[in-house]
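Read through the structure below, which is laid out as structure tokens, and then see the notes.
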Amino acid sequence: MDSSNDEALDIIITNVVATFRTRCHLNLRTIALEGINVIYKPDMGKVLMKLRKPKITASIWSSGKIICTGATSEDDAKVGARRLARTLQKLGFKVRFSAFKVVNVLAVCSMPFAIRLIDFTKKNRPIASYEPELHPAATYRIKHIKATIQVFSTGSITVTGPNVQNVASAVEQVYPLLFECQKPRCK
Amino acid sequence: MSPKACKNCGSSDIDVDHARGDAVCMGCGSVLEDNIIVSEVEFVETGGGGSSAVGQFVSSEEGARNPSFGDSHINGMGRESRAQTLQKAKQHINTLGHQLQMNQHCLNTAFNFYRMALGKHLTSGRKASHVIAACLYLVCRTEGTPHMLLDLSDIVQVNVYILGRTFLVLSRELCINAPAIDPCLYIPRFAQLLEFGEKNHDVAMTALRLVQRMKRDWMHTGRRPSGLCGAALLVAAHMHEFRRTVKEIVSVVKVCETTLRKRLTEFEDTPTSQLTIEEFMKVDLDQECDPPCFTAGLRKRKVQQLEIELKKKMDDVEDEIHGYEDEIDAELESSRPKLRGVYASYVKEGKTEIQHDEESEVPSTPTRKESDGGSQDEDELQAVAKHFGKDMCELTMEALLKLERRGLEEEEEEPEEQEEGGGGGVPKRKGPSLESILGPMPTASTLGLSESIGTCIGDGKENDGAADSGELDLSGIDDGEIELYLLDDREVKIKTALWMAENSDYLKEQREKAAKIAKEKELGIYKEKKPRGPSKKRDPIRASTADEAIGKMLEQKKISSKINYDVLKDLNIKPCPSPARSAESPIKKEPSAAAKLTGRSRHPARAPLSLSTPLSTLGKRLQPFITGQPNKKMAVEQVASSNPLPVPVGAPGGGGGGGGSGGAGAVVVVVESGPVHYDDAAAEDEEEEEEETCVSAMEMMGSNDYGCDGDYDDGF
């Protein structure tokens, strides 16, 4: 029923968002002027710093809060965050690495069959909602694990959740429901 | 509920009389409860021998409560607000609904939805118009009317997606499961708009069949239903020999041309499109198709696979070609006459150059420009940086490679000359790093290059700052790599200069702002921007005369810079018109203020000001609207502004207007003319009020006296 089938489902994590705090005030102008790969956005009050390895974009606020996006795994996110903190340290700020938390994980998965969205929505009301005028996918929200799944009619789904574990369990939960409403391939 | 102790004297001797419905304290005699609600049913004899039940009907509708329930005056105010909200909502819903031609039943349902939403506190934090539109759309979906969210957003002038979000939240919270949109619902509506005349029904039927066919062919999932309808109608029209262009359909159906064409192409791909018209009407193919994006995905995958195979083949062929090339070169070499002397080494270097050329695709321009630089690497890099206008460390790998090659070249050219400074040493050092670069990892190599350049050019890196992390775990972090992320002193200077140049505008703004604040601080006027707290509710002014009312209002209301209060005060004394400043805003303000007022006594305050405003001071915008019939319009404005108040509308004419303004005496003569007749359409529209106000003002300005005596004829 779930991914322990003959054909295992490939869940590909495409984005991990994490936040942490440096517990010290950061001077954005210094960072902007003395760092490589930085974009200063004074109107938004933040600095964007992009790291090459791991490929991460970080938004740095002067209060010391930093959001890292673009990592492909939770560990990657942590390494990137630490690297970022180290860079800031070298710039001369008294940086402490605290409150690291992975906030959002986005994963993509592809079912080997197409899905009947209208059936799926009917069977899973009110958890699922489908509004073709607004968005081509049906949205399925699992409250207790706080995951949101967007189901497209081609069979590909995108899952977002607070951590990788939740995402995996969300896919497992939703697979049987999708299986019921599948559309057999004609050609 | 009978209280156990009296609030006034504390005595616990309380007499509850259910017959009278009272609770009276025996100690001090105060009435503690009045009109007690009992669950007994009593019958009384009526005249004529019949019997009727005793009691009052208490309506469940808010606002109808009789405020004589003991100490429930406070409650009364709260209920009234709720009633007002509901009343307003009802009006909005009706307006919108009539614009969409929805029947009364739907509108009532929508109002019920709104009431439910209000009960669940879903209206707070959202614009009332959004919530109302969402309620209406909810009704449309549950009833299955052919109204699209797009129509609603057109009327309300709000982004569709915002409305959609509100709609989704509402449907989720109210647990209303709206059935999915069926494109078949829209067909008759669009067909009507496309004007097929008598054959309307036939065309609609054909289009319906087409849409059903499309559904079976999986073209409708995930798509806007209006797009499908558009395509179906186009084909149906053509089938029945009507000429409808894509543009006409697009204007009716509200999708863009590209979408329509896409749908047509997709339909073309299905086997149904191969049938003739008669066949289509009779036969329904059993075979279903995959959704178009599915087939597109499959096609893409196939193409990709083909590409990979092709590439493989190409690689094989290329290898063969290279092999041949090498052989040819070797042959040529052996047959070429050998050069001797100084140039021998140069020729060799030339060959390696060619190799490098092949392996790195480099733009040729940098070389030309670099020729300006001296032999020293530093100067070269300086020149390059200047030319590119970028940081040194942002030079591309290719450019750096070029530099290295040039360096190598020079070395070869002047083998006997002593290289100045570390210039010579550097190219030698760079030699090996080039080899390592031409390996795979581009990122690492670029970093490697910049590191070597950094170390040659600048001084040491900045010191690690105080940087006492305590909690920062440095395992797995390559410090060297991180240092590359930081710029050098010189680099910092260059970057600072560039950044300042780029952001000069912003910096100027900031400086001006700071200067302004400093100046204000000196003068002591500086006001910190405080976040606005909840606006406090103002008590209604109770005044016996208009003068009092004006006075109290002026005290209460914040002083506006746009109203000339002296004029206001003057008005109490003499009715001659005195110029007032920019009347637009006050006029606008007042009708809106009027909407919030609960007492009619406010009217006098507004009216005179608007009257006294000479039109010349009114903006150009309002002047064109000046026409005749000012008095009536004035009256309309009066009435219109009073329309938002549910109760007073019922008592117009001399009674209310006269009563409210009677006390004004000579001043508010205008008000005495009273609301003459209503104009329902002007109800909530303050813009109209504004225009009409200035109309009346102009006329009024014509005469010294307020000359409204003539208006009395028009009054009822």
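Same order as they appear, the protein sequences are chains A and B. So for the first sequence, the working numbering puts the first residue at 755; every next one is plus one. So for the second sequence, the working numbering puts the first residue at 1238; every next one is plus one. Beta carbons are placed, not taken as given, at the ideal position from N, Cα and C, and that holds for glycine.
Report buried or exposed for residue i, applying the criterion of at least 16 other Cβ atoms within 10 angstroms of its Cβ.
i: Tyr794 (chain A); result: buried
i: Asp830 (chain A); result: buried
i: Pro886 (chain A); result: buried
i: Asp1254 (chain B); result: exposed
i: Ala1441 (chain B); result: buried
i: His1335 (chain B); result: exposed
i: Val928 (chain A); result: buried
i: Tyr894 (chain A); result: buried
i: Gly1266 (chain B); result: exposed
i: Leu1216 (chain B); result: Residue 1216 (chain B) falls outside the range modelled here, since chain B spans only 1238 to 1953, and no answer is possible.
i: Ile1558 (chain B); result: exposed
i: Val1393 (chain B); result: buried
i: Glu1928 (chain B); result: Model confidence at Glu1928 (chain B) stands at a pLDDT of 44, short of 50, so the residue's coordinates are unreliable; what they give is reported in the following sentence. With 16 or more other Cβ atoms within 10 Å, it is buried.
i: Asp1784 (chain B); result: buried
i: Leu1805 (chain B); result: buried
i: Leu1497 (chain B); result: buried
i: Leu1471 (chain B); result: buried
i: Val1492 (chain B); result: buried
i: Gln843 (chain A); result: buried
i: Met1871 (chain B); result: Annotation note: pLDDT 45 at Met1871 (chain B) (below 50); position unreliable, no value reported.
Using the beta-carbon of each residue, which ones in chain B are nearer than 7 angstroms to residue i?
i: Leu787 (chain A); result: Val1729, Lys1732, Thr1733 and Trp1736
i: Ser827 (chain A); result: Simply none; closest approach about 14 angstroms.
Using C-beta distances below 6 angstroms, list every residue in its chain close to residue i, excluding the 5 sequence neighbours before and after it, in chain order.
i: Ile1330 (chain B); result: Leu1344, Ala1347, Phe1348 and Ile1369
i: Ser1819 (chain B); result: At Ser1819 (chain B), the pLDDT of 40 sits below 50, so the modelled position is not reliable; the number obtained from the coordinates is stated separately. For Ser1819 (chain B), where only same-chain residues beyond five positions count, the Cβ hits under 6 angstroms are Lys1799.
i: Tyr1351 (chain B); result: Ala1326 and Cys1372
i: Asn920 (chain A); result: Ile899 and Ala901
i: Glu1924 (chain B); result: Because the pLDDT at Glu1924 (chain B) is just 42, under 50, the model does not fix this residue reliably, and the value given afterwards should be weighed accordingly. Excluding residues within five positions, none has a Cβ falling inside 6 angstroms.
i: Leu782 (chain A); result: Val801 and Ser816
Since I believe residue j is in contact with residue i (beta carbons under 8 angstroms), could you give me their beta-carbon distance rounded to a whole number of angstroms?
i: Gly789 (chain A); j: Thr823 (chain A); result: Going by Cβ atoms, the distance from Gly789 (chain A) to Thr823 (chain A) rounds to 18 angstroms, so no, they are not a contact pair.
i: Leu787 (chain A); j: Lys1732 (chain B); result: 6 angstroms
i: Thr776 (chain A); j: Val849 (chain A); result: 5 angstroms
i: Phe1517 (chain B); j: Thr1509 (chain B); result: 7 angstroms
i: Thr1431 (chain B); j: Val1489 (chain B); result: Sequence inspection shows Leu at residue 1431 (chain B); the Thr mentioned does not correspond to that position. Indeed they touch by this definition, with Cβ atoms about 6 angstroms apart.
i: Lys807 (chain A); j: Asn791 (chain A); result: That belief does not hold up - the Cβ atoms of Lys807 (chain A) and Asn791 (chain A) are roughly 12 angstroms apart, past 8 angstroms.
i: Met1456 (chain B); j: Phe1504 (chain B); result: 7 angstroms
Using a beta-carbon distance below 8 angstroms, is residue i in contact with chain D?
i: Gly1788 (chain B); result: No chain D appears in this structure, whose protein chains are A and B.
Residues of chain A with a CB under 8 angstroms from the CB of residue i: which are they?
i: Cys1412 (chain B); result: Pro880
i: Tyr1743 (chain B); result: Pro796 and Asp797
i: Gly1534 (chain B); result: Thr908
i: Pro1462 (chain B); result: Pro886 and Glu887
Please go through the same chain and pick out, in chain order, the residues whose beta-carbon is closer than 8 angstroms to the beta-carbon of residue i, but skip the five residues on each side of it.
i: Val1397 (chain B); result: Leu1386, Leu1387 and Ser1390
i: Ser827 (chain A); result: Ile767, Val770 and Val918
i: Ser1248 (chain B); result: Ala1242, Cys1262, Met1263, Gly1264 and Cys1265
i: Cys778 (chain A); result: Gly818, Phe847, Lys848, Val849 and Arg850
Is the distance from the Cβ of residue i to the Cβ of residue j below 8 angstroms?
i: Thr1360 (chain B); j: Ile1413 (chain B); result: no
i: Ala922 (chain A); j: Phe906 (chain A); result: no
i: Cys1262 (chain B); j: Ile1274 (chain B); result: no
i: Ala839 (chain A); j: Phe851 (chain A); result: yes
i: Arg1500 (chain B); j: Gly1464 (chain B); result: yes
i: Leu931 (chain A); j: Asn878 (chain A); result: yes
i: Ala1354 (chain B); j: Leu1400 (chain B); result: no
i: Val833 (chain A); j: Ile814 (chain A); result: no
i: Val1291 (chain B); j: Phe1280 (chain B); result: yes
i: Leu1447 (chain B); j: Ala1428 (chain B); result: no
Among the residues of its own chain, which have a CB less than 7 angstroms from the CB of residue i, if the five just before and after it don't count?
i: Arg1426 (chain B); result: Pro1383
i: Lys1436 (chain B); result: His1477
i: Ala924 (chain A); result: Ile896, Ile899, Ala901, Ile903, Val913 and Gly915
i: Leu871 (chain A); result: Tyr884, Ala892, Val905 and Ser907
i: Thr811 (chain A); result: Leu802, Lys804, Thr823 and Gly824
Show which residues of chain B have a CB atom less than 8 angstroms away from the CB atom of residue i.
i: Leu782 (chain A); result: By Cβ distance, chain B contributes nothing, its closest Cβ being about 12 angstroms from Leu782 (chain A), past 8 angstroms.
Using a C-beta to C-beta distance shorter than 7 angstroms, which residues of chain A count as neighbours of residue i?
i: Pro1425 (chain B); result: Correct list: empty, because the minimum Cβ distance to chain A is about 18 angstroms.
i: Ala1417 (chain B); result: Ile872, Thr875 and Tyr884
Along chain A, in chain order, which residues have C-beta atoms closer than 9 angstroms to that of residue i?
i: Gly1401 (chain B); result: Glu885, Glu887, Leu888 and His889
i: Tyr1398 (chain B); result: Leu888 and His889
i: Leu1724 (chain B); result: Leu787, Glu788, Gly789 and Ile790
Residue i touches chain B at which residues, Cβ-Cβ below 9 angstroms?
i: Lys855 (chain A); result: None at all; the shortest Cβ gap to chain B is about 14 angstroms.
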